[in-house]
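Trainee: Numbering (our numbering), first residue to last: 210 to 607.
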Ligand SMILES: Nc1ncnc2c1ncn2[C@@H]1O[C@H](COP(=O)(O)OP(=O)(O)OP(=O)(O)O)[C@@H](O)[C@H]1O
Ligand SMILES: [Mg+2]
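See the structure below:
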């Protein structure tokens, strides 16, 4: 029986590690065979701070997904997150000796375009093809076989701090997994939930996690911007804990049950004080004020990123949000009224198998990592799948 092409994807988030085992079906569909999430401590704002605890959570999530799928995969594509991630444009031009464009010419010009000097402590994580021009004609989709004098390529290189990348690889390795490709978290989540039409029209994607908010902007079918704000839902929880004088677990519960933006409610809540068993009454308004102050700060941070994009008319397809933080009540309408763009919650789509389990917005990243790995091309021999992906990666992909 031929072996199946399988993918293991891992998202080491600030609050949970997700692992996904998927199979690439003969028709090209990605079928979910196993998916799980394990709560994690030891991460801050998307970065590894306590290696051993994080490694344990990774091992647990992978074991659970592998046993659900009946697999024993030990190589994984992994999401990399944090506000160190940056996107840098690159461009190159090349004269053609033969007059006809060959595949190796396209590879050569793309590789040349990706040779961008990065900040001293940064390394390239992913190179994305933005466009190819042939003798000055832009937007050529497949230039191979065309007759021309000159080939031009535009790329984006997503880079990240080498220390962060090294530590992520190390923690994954400590969990008994060999990391193969790394995928920037904001892009992974975006790719899991955005349709081709949205990317073409123009769309802002926000992945609002526990410790970070990933921002991507797509236009004319391509990624135009990627950035990360080191703020997520955990800040609201800690503000509530300090502001209301309750323990973190209770603050989290209050947030999930009562927190809302723009609700303007009255009344009081009964909560247990940090010290002792005494019960105190908290006006709902006080809780709302704390939440709204943090959301306000968060909104300004996100806006400072969006202002970097030249965008005369705004995104025609509006804003798509993923991540647990996106489920904060009233957040979508807050953004809608402040920016004047339609907002929707995104969920992973286009999957087979146990796809219902993977539809939560919190699983967008791990699904996107698997989709990225699949885009690299997989064959029905597991031992060569990753060789193929890595090889493809070296040659750049769209
Ligand atoms: N219904 C809800 N309302 C408000 N916040 C929520 C809700 N559900 C989950 N959250 C918050 O979402 C956050 C976790 O989201 P998610 O699982 O996407 O984060 P993560 O991937 O672990 O973190 P990051 O992406 O920042 O590294 C937590 O702060 C949690 O409190
Ligand atoms: Mg996340």
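Positions of the beta carbon are idealized from the N, C-alpha and C atoms, including for glycine.
Bear in mind that the values here come from a model prediction, so they are computed numbers and not experimental data.
When DSSP labels each residue in this structure, what does residue 281 get in the three-state scheme?
Mentor: coil
Trainee: Take the Cβ of residue 220 as the centre, count every other Cβ of all protein chains shown within 10 Å, and call the residue buried at 16 or more, exposed below.
Mentor: buried
Trainee: Just to check my reading of the structure: residue 576 and residue 229 have Cβ atoms closer than 8 Å, yes? What is that Cβ distance to the nearest angstrom?
Mentor: 7 Å
Trainee: Is residue 307 a contact residue of ligand 1, with contact defined as CB to any heavy atom under 7 Å?
Mentor: No; taking the cut-off as 7 Å, the Cβ of residue 307 has no heavy atom of ligand 1 nearer than that.
Trainee: Whole angstroms are fine: how far does the CA of residue 257 sit from the CA of residue 604?
Mentor: The predicted position of residue 604 is uncertain, since its pLDDT is 42 and thus under 50; a value taken from the coordinates is nonetheless stated next. C-alpha separation (whole angstroms): 30 Å.
Trainee: Output needed for residue 599: all residues of its chain with C-beta closer than 6 Å, excluding positions within five of it in sequence on either side, in chain order.
Mentor: With a pLDDT of only 47 at residue 599, under 50, the local geometry of the prediction cannot be trusted, and no value is derived from it.
Trainee: Can you check which of these residues, 468, 461 and 428, is closest to residue 155 by C-alpha distance?
Mentor: Not covered by the structure: residue 155. The range shown for the chain is 210 to 607.
Trainee: Under 6 Å Cβ to Cβ from residue 278, same chain only, skipping five residues before and after it: list those, please.
Mentor: 230, 242 and 243
Trainee: Using only the alpha-carbon positions, how far apart do residue 380 and residue 323 sit?
Mentor: 28 Å
Trainee: When the Cα atoms are used, what is the spatial distance from residue 233 to residue 273?
Mentor: 20 Å
Trainee: Judging by CA-CA distance, which residue of 473, 490, 564 and 471 is the nearest neighbour of residue 480?
Mentor: When only C-alpha atoms are compared, the closest one is 490.
Trainee: What's the C-alpha gap between residue 493 and residue 540?
Mentor: 17 Å
Trainee: State the start and end residues of the unbroken alpha helix (DSSP H) segment that holds residue 394.
Mentor: 394 to 402
Trainee: Which of the three DSSP states, helix, strand or coil, is assigned to residue 328?
Mentor: Coil.
Trainee: Over what stretch of residues does the alpha helix (DSSP H) that includes residue 614 continue unbroken?
Mentor: Here the chain covers residues 210 to 607 and nothing more, so residue 614 does not appear.
Trainee: Are there 16 or more other CB atoms within 10 angstroms of the CB of residue 314, so buried, or fewer, so exposed?
Mentor: Buried, by the Cβ-count rule.
Trainee: I want to check one thing, is the minimum distance from the CB of residue 292 to the heavy atoms of ligand 2 below 7 Å?
Mentor: no
Trainee: Helix, strand or coil for residue 357? Go by DSSP, reduced to three states.
Mentor: coil
Trainee: Can you tell me which residues form a DSSP beta bridge with residue 572?
Mentor: None, per the DSSP bridge assignment.
Trainee: Nearest by alpha-carbon distance to residue 486: which of 389, 325 and 454 is it?
Mentor: When only C-alpha atoms are compared, the closest one is 454.
Trainee: Is DSSP giving residue 612 helix, strand or coil here?
Mentor: Outside the shown range of the chain, which is 210 to 607, sits residue 612, and nothing can be said about it.
Trainee: What span of residues does the beta strand (DSSP E) with residue 220 cover, start to end?
Mentor: 215 to 221
Trainee: Alpha carbon to alpha carbon, how far is residue 473 from residue 238?
Mentor: Taking the straight line from one Cα to the other gives about 46 Å.
Trainee: Select from 269, 254 and 250 the residue whose C-alpha is nearest the C-alpha of residue 260.
Mentor: 250
Trainee: Taking the C-alpha atoms as reference points, what is the distance between residue 353 and residue 306?
Mentor: For the pair residue 353 and residue 306, the Cα-to-Cα distance works out to about 14 Å.
Trainee: Within 10 Å of its beta-carbon, does residue 281 have 16 or more other beta-carbons around it, so buried, or fewer, so exposed?
Mentor: Of the residues assessed, residue 281 falls on the exposed side of the cut-off, its CB having fewer than 16 other CB atoms within 10 angstroms.
Trainee: Can you give the Cα-Cα distance for residue 556 and residue 573, rounded to whole angstroms?
Mentor: Straight-line Cα distance between these residues: approximately 7 Å.
Trainee: Give me the Cα-Cα distance between residue 527 and residue 411, rounded to the nearest whole angstrom.
Mentor: If you take the alpha carbons of residue 527 and residue 411, they lie about 7 Å apart.
Trainee: Do the segment 465 to 472 and the segment 416 to 436 meet, that is, are 3 or more Cβ pairs less than 8 Å apart?
Mentor: no
Trainee: Across the segment 412 to 425 and the segment 436 to 450, are there enough close Cβ pairs to call them in contact, namely three or more that are closer than 8 Å?
Mentor: yes
Trainee: Determine, using beta-carbon pairs with one atom in the segment 354 to 369 and one in the segment 339 to 346, whether at least three such pairs fall under 8 Å.
Mentor: yes
Trainee: Indicate, with yes or no, if ligand 1 has a heavy atom lying under 7 Å from the CB of residue 369.
Mentor: no
Trainee: Using a Cβ-Cβ cut-off of 6 Å (strictly less than) and excluding sequence neighbours within five positions of residue 376, which residues of its own chain qualify?
Mentor: 257
Trainee: Since residue 373 and residue 423 should fall inside the 8 Å C-beta cutoff, what is the C-beta to C-beta distance between them, to a whole number of angstroms?
Mentor: With a Cβ gap of about 15 Å, residue 373 and residue 423 do not count as contacting.
Trainee: Which one of 507, 223 and 227 has the shortest CA to CA distance from residue 567?
Mentor: 227
Trainee: Applying the 10 Å Cβ sphere with the 16-neighbour rule, what's the burial state of residue 350?
Mentor: By the neighbour-count rule (16 or more Cβ atoms within 10 Å), residue 350 is not buried but exposed.
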